[in-house]
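Everything on this sheet refers to the single structure shown next.
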Amino acid sequence: MAADLPAAEAPFDAAQVWRAVGETRMALELVGSRFTDVAGAPPLLKLADSICAGGVVLGDRISVDDPETLGSTRARLHFDGVEVDRGVATACPAGSPLAALTWLANHLASRGKQLRAGDVVISGKICAAPGISPYQRVSATFEGHGSIESFFLP
47 MAADLPAAEA PFDAAQVWRA VGETRMALEL VGSRFTDVAG APPLLKLADS ICAGGVVLGD
107 RISVDDPETL GSTRARLHFD GVEVDRGVAT ACPAGSPLAA LTWLANHLAS RGKQLRAGDV
167 VISGKICAAP GISPYQRVSA TFEGHGSIES FFLP
């Protein structure tokens, strides 16, 4: 985020939220949990487990002239060069990355919290998140934007 979204100024619309965004990047979100049965874990314990967020690999900045086009971004996910999934950003919560971020800003504001300049927000998935094994090379190609790759060690 390049600017704060103070709770006192809510509710926010997508245009206000977009003006507060500093940059947009490709990313690989690492999904992981301490639970052996994630589906059976109580919701509050999942929340305490950071909703299965294990980490993130940030890629290059991407240029976005029209934030509405983010919702049509297509991606392909590869493990060791083999495609394991493909998707479109409409799979993000609320239907697009910007809609998800707008929801988050308003949700936080309703609880007296806010997004702050410097915050990094992962706004949702495009591809499914199968488990990553140690020593696996993971890459994603974002149509019209480029690709990101990482190699995971135990």
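Numbering (the numbering used here), first residue to last: 47 to 200. Just so it is clear, CB atoms sit at the ideal spot from N, CA and C, and this is done for glycine as well. Keep in mind it's a predicted model, so treat the numbers as computed, not measured.
**Report entry** Burial state of T119 (16 or more Cβ within 10 Å)
**Finding:** Per the 10 Å Cβ criterion, buried.
Query raised in the report: Going along the chain, which residues of its own chain have a beta-carbon closer than 6 Å to the beta-carbon of V63, five neighbours each way excluded?
Result: L147, T148, A151
**Report entry** For R162, the first and last residue of its enclosing alpha helix (DSSP H)
**Finding:** Looking at the DSSP string, R162 is not in any alpha helix (DSSP H), and its letter there is neither H nor E.
Query raised in the report: From which residue to which residue does the beta strand (DSSP E) around V103 run?
Result: Bounds of the beta strand (DSSP E) holding V103 are 99-108.
Report task. To the nearest angstrom, report how far apart I178 and D131 are at their CA atoms. Result -> 13 Å
Query raised in the report: Can you tell me the Cα-Cα spacing of L199 and V184, whole angstroms?
Result: 11 Å
**Report entry** CB contact flag (L116, V110, <9 Å)
**Finding:** yes
Query - A56, enclosing beta strand (DSSP E) - first and last residue - result: In this chain, A56 is not harboured by any beta strand (DSSP E), its DSSP state being neither H nor E.
Requested in this report: Confirm, please, whether the CB-CB distance from A60 to A48 is below 9 Å.
Outcome: no
Query raised in the report: If you draw a straight line from the alpha carbon of T136 to that of S79, how long is it in whole angstroms?
Result: 25 Å
Query raised in the report: Which residues bound the beta strand (DSSP E) around L199?
Result: No beta strand (DSSP E) contains L199, which DSSP labels as neither H nor E.
Query raised in the report: If you draw a straight line from the C-alpha of A145 to the C-alpha of S169, how long is it?
Result: 9 Å
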